[in-house]
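Novice: One structure follows; several queries about it will come next.
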Amino acid sequence: MKKPVSARPKSSYPRKLRIIGGRWRGRLLDVTESEGLRPTPDRVRETLFNWLTPYIAGAECLDLFAGTGALCLEALSRGAMRVVMVEKVPHVADRLRRHVERLEAGGAEVVLADAVDFLGRTPRAFDIVFIDPPFKSQLIPECAARVETHGWLKPGGLAYIEAPSRNSDLALPATWELIRSKKAGQVGYHLARKTG
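Residue 0 is where the sequence shown starts when you use numbering that gives the first Met the number 0, and the numbers rise one by one after that.
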(Lines of atoms letter the chains of each structure in order from A and count residues from 1; the text may use other names and numbers.)
(Lines give C-alpha, C1' and ligand atoms only; values in the text may rest on other atoms or scores of the structure.)
Protein backbone atom coordinates (compact mmCIF):
# COMPACT_ATOMS: atom_id res chain seq x y z
CA MET A 1 0.00 0.00 0.00
CA LYS A 2 1.39 3.39 -1.03
CA LYS A 3 1.98 5.99 1.62
CA PRO A 4 -0.02 9.17 1.08
CA VAL A 5 2.10 11.99 -0.29
CA SER A 6 1.76 15.18 1.68
CA ALA A 7 0.44 17.81 -0.68
CA ARG A 8 2.31 21.08 -0.55
CA PRO A 9 0.60 23.96 -2.28
CA LYS A 10 2.37 24.78 -5.50
CA SER A 11 3.30 28.40 -6.00
CA SER A 12 3.78 29.77 -9.49
CA TYR A 13 5.73 32.60 -7.90
CA PRO A 14 9.47 32.24 -8.62
CA ARG A 15 11.66 32.23 -5.51
CA LYS A 16 14.75 33.23 -7.49
CA LEU A 17 15.50 35.64 -10.29
CA ARG A 18 18.01 34.36 -12.83
CA ILE A 19 20.03 36.80 -14.90
CA ILE A 20 20.07 35.23 -18.34
CA GLY A 21 22.81 37.05 -20.23
CA GLY A 22 25.90 39.24 -20.00
CA ARG A 23 28.53 39.52 -17.28
CA TRP A 24 26.23 38.22 -14.51
CA ARG A 25 24.74 35.43 -16.61
CA GLY A 26 23.41 32.61 -14.43
CA ARG A 27 23.48 34.62 -11.19
CA LEU A 28 20.49 33.89 -8.94
CA LEU A 29 18.93 36.58 -6.77
CA ASP A 30 16.23 36.17 -4.13
CA VAL A 31 12.74 37.42 -4.98
CA THR A 32 10.63 39.26 -2.40
CA GLU A 33 6.93 38.47 -2.58
CA SER A 34 4.60 41.45 -2.79
CA GLU A 35 1.05 41.93 -4.02
CA GLY A 36 0.95 42.69 -7.74
CA LEU A 37 4.62 41.82 -8.24
CA ARG A 38 4.94 39.75 -11.41
CA PRO A 39 8.49 39.07 -12.56
CA THR A 40 8.98 39.15 -16.33
CA PRO A 41 9.32 35.49 -17.43
CA ASP A 42 12.75 34.32 -18.60
CA ARG A 43 11.63 33.62 -22.17
CA VAL A 44 10.05 37.07 -22.46
CA ARG A 45 13.22 38.71 -21.11
CA GLU A 46 15.33 36.72 -23.53
CA THR A 47 13.26 37.89 -26.50
CA LEU A 48 13.19 41.47 -25.23
CA PHE A 49 16.95 41.66 -24.86
CA ASN A 50 17.42 40.10 -28.30
CA TRP A 51 15.37 43.05 -29.56
CA LEU A 52 17.48 45.47 -27.51
CA THR A 53 20.89 44.04 -28.46
CA PRO A 54 21.74 46.86 -30.92
CA TYR A 55 20.80 49.54 -28.36
CA ILE A 56 21.78 48.30 -24.89
CA ALA A 57 25.54 49.01 -24.75
CA GLY A 58 26.06 52.33 -22.99
CA ALA A 59 22.32 52.94 -22.64
CA GLU A 60 20.64 54.75 -19.76
CA CYS A 61 17.51 52.91 -18.64
CA LEU A 62 14.55 53.78 -16.43
CA ASP A 63 12.27 51.12 -14.93
CA LEU A 64 9.10 52.66 -13.51
CA PHE A 65 7.87 49.48 -11.80
CA ALA A 66 11.14 47.80 -10.87
CA GLY A 67 9.79 44.97 -8.67
CA THR A 68 12.45 42.26 -8.76
CA GLY A 69 14.82 44.43 -10.80
CA ALA A 70 14.84 41.82 -13.56
CA LEU A 71 14.79 44.29 -16.45
CA CYS A 72 17.34 46.84 -15.25
CA LEU A 73 19.73 44.30 -13.76
CA GLU A 74 19.60 42.34 -17.02
CA ALA A 75 20.27 45.59 -18.90
CA LEU A 76 23.31 46.37 -16.70
CA SER A 77 24.57 42.83 -17.10
CA ARG A 78 24.45 43.29 -20.87
CA GLY A 79 26.29 46.61 -20.98
CA ALA A 80 23.88 49.41 -20.06
CA MET A 81 25.73 52.35 -18.49
CA ARG A 82 23.17 53.56 -15.97
CA VAL A 83 19.82 52.34 -14.63
CA VAL A 84 17.23 53.93 -12.37
CA MET A 85 14.80 51.52 -10.71
CA VAL A 86 11.62 53.07 -9.29
CA GLU A 87 9.77 51.00 -6.68
CA LYS A 88 7.05 52.17 -4.30
CA VAL A 89 7.02 49.25 -1.82
CA PRO A 90 9.72 49.81 0.84
CA HIS A 91 10.68 46.17 1.48
CA VAL A 92 10.87 45.48 -2.27
CA ALA A 93 13.08 48.55 -2.76
CA ASP A 94 15.30 47.33 0.11
CA ARG A 95 15.71 43.97 -1.64
CA LEU A 96 16.67 45.78 -4.85
CA ARG A 97 19.36 47.71 -2.99
CA ARG A 98 20.73 44.43 -1.65
CA HIS A 99 20.83 43.04 -5.21
CA VAL A 100 22.77 46.11 -6.33
CA GLU A 101 25.25 45.69 -3.45
CA ARG A 102 25.64 41.96 -4.00
CA LEU A 103 26.35 42.43 -7.71
CA GLU A 104 28.52 45.50 -7.05
CA ALA A 105 26.42 47.10 -9.75
CA GLY A 106 27.89 50.52 -10.36
CA GLY A 107 25.53 52.75 -12.29
CA ALA A 108 22.40 51.43 -10.54
CA GLU A 109 20.10 53.65 -8.50
CA VAL A 110 17.00 52.55 -6.58
CA VAL A 111 14.36 55.22 -5.98
CA LEU A 112 11.57 54.64 -3.44
CA ALA A 113 8.62 56.35 -5.12
CA ASP A 114 5.30 55.85 -6.83
CA ALA A 115 5.84 55.78 -10.62
CA VAL A 116 3.25 58.44 -11.41
CA ASP A 117 4.64 60.76 -8.72
CA PHE A 118 8.20 60.11 -9.93
CA LEU A 119 7.22 61.16 -13.47
CA GLY A 120 6.12 64.53 -12.07
CA ARG A 121 9.70 65.31 -11.00
CA THR A 122 12.25 67.26 -13.04
CA PRO A 123 12.89 64.86 -15.94
CA ARG A 124 16.08 63.41 -17.28
CA ALA A 125 15.84 61.81 -20.72
CA PHE A 126 16.64 58.10 -20.97
CA ASP A 127 17.47 55.85 -23.91
CA ILE A 128 15.14 53.05 -22.76
CA VAL A 129 12.11 53.21 -20.46
CA PHE A 130 10.48 50.06 -19.08
CA ILE A 131 6.73 50.32 -18.31
CA ASP A 132 5.62 47.08 -16.69
CA PRO A 133 2.96 47.86 -14.06
CA PRO A 134 0.83 45.32 -12.17
CA PHE A 135 -1.71 44.00 -14.66
CA LYS A 136 -4.72 45.21 -12.64
CA SER A 137 -3.42 48.76 -12.38
CA GLN A 138 -4.48 50.31 -15.74
CA LEU A 139 -1.42 52.60 -15.46
CA ILE A 140 0.14 52.12 -18.90
CA PRO A 141 -1.65 55.00 -20.72
CA GLU A 142 -1.05 57.49 -17.90
CA CYS A 143 2.62 56.59 -17.45
CA ALA A 144 3.31 56.54 -21.18
CA ALA A 145 1.68 59.95 -21.56
CA ARG A 146 3.74 61.40 -18.70
CA VAL A 147 6.96 59.90 -20.06
CA GLU A 148 6.22 61.59 -23.38
CA THR A 149 4.93 64.98 -22.24
CA HIS A 150 7.56 65.48 -19.52
CA GLY A 151 10.50 64.42 -21.68
CA TRP A 152 11.70 61.23 -19.94
CA LEU A 153 12.49 59.49 -23.26
CA LYS A 154 15.07 60.72 -25.75
CA PRO A 155 14.09 61.22 -29.41
CA GLY A 156 14.60 57.83 -31.06
CA GLY A 157 14.52 56.20 -27.61
CA LEU A 158 12.72 52.95 -26.87
CA ALA A 159 9.85 52.12 -24.52
CA TYR A 160 9.14 48.56 -23.44
CA ILE A 161 5.56 47.87 -22.39
CA GLU A 162 4.28 44.70 -20.71
CA ALA A 163 0.52 44.18 -20.45
CA PRO A 164 -2.10 41.42 -20.36
CA SER A 165 -2.09 39.66 -23.74
CA ARG A 166 -5.83 40.41 -24.12
CA ASN A 167 -5.09 44.17 -24.26
CA SER A 168 -5.30 45.08 -27.92
CA ASP A 169 -5.09 48.85 -27.42
CA LEU A 170 -2.17 50.11 -25.33
CA ALA A 171 -3.18 53.78 -25.80
CA LEU A 172 0.40 54.90 -26.43
CA PRO A 173 1.36 58.47 -27.37
CA ALA A 174 0.94 59.35 -31.05
CA THR A 175 4.69 59.97 -31.32
CA TRP A 176 5.49 56.35 -30.33
CA GLU A 177 5.75 53.80 -33.12
CA LEU A 178 5.16 50.18 -32.12
CA ILE A 179 8.04 48.25 -33.70
CA ARG A 180 7.81 44.84 -31.98
CA SER A 181 4.95 42.97 -30.36
CA LYS A 182 4.59 39.39 -29.09
CA LYS A 183 2.54 37.27 -26.70
CA ALA A 184 3.58 34.55 -24.28
CA GLY A 185 0.62 33.01 -22.48
CA GLN A 186 -1.17 35.81 -20.61
CA VAL A 187 1.67 38.29 -21.20
CA GLY A 188 1.74 40.71 -24.10
CA TYR A 189 5.06 42.51 -24.58
CA HIS A 190 5.82 45.36 -26.90
CA LEU A 191 8.63 47.67 -27.98
CA ALA A 192 7.92 51.20 -29.18
CA ARG A 193 10.21 53.90 -30.56
CA LYS A 194 9.78 57.62 -29.94
CA THR A 195 9.68 59.16 -33.41
CA GLY A 196 8.99 62.77 -32.44
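Virtual Cβ for every residue (Gly too), placed ideally from N, Cα, C.
Among T67, P154, E45, P40, whose alpha-carbon lies nearest the alpha-carbon of H90?
Specialist: Of the listed residues, the one whose Cα sits closest to H90 is T67.
Novice: Put P132 into one of helix, strand or coil per three-state DSSP.
Specialist: coil
Novice: Tell me the DSSP secondary structure of E100 in three-state form.
Specialist: helix
Novice: Between which two residues does the beta strand (DSSP E) harbouring W175 extend?
Specialist: That run of the beta strand (DSSP E) goes 175-183.
Novice: Pick from E108, D29, G20, I139: whose alpha carbon is nearest that of A158?
Specialist: I139
Novice: Per DSSP, what are the beta-bridge partners of I160 in this structure?
Specialist: I130, H189
Novice: Taking the beta carbon of Q137 as the centre, do at least 16 other beta carbons fall within 10 Å, making it buried, or is it exposed?
Specialist: exposed
Novice: Taking the straight line between their C-alpha atoms, what separation do you get for E176 and L70?
Specialist: 21 Å
Novice: Excluding the five sequence neighbours on either side, which residues of its own chain have a C-beta within less than 8 Å of the C-beta of E45, listed in chain order?
Specialist: When the five nearest sequence neighbours on each side are left out, the beta carbons in the same chain lying within less than 8 Å of the beta carbon of E45 are those of I19, G20, in order along the chain.
Novice: Return the first residue and the last residue of the beta strand (DSSP E) that R81 is part of.
Specialist: Secondary structure note for R81: its beta strand (DSSP E) is the uninterrupted segment 81-86.
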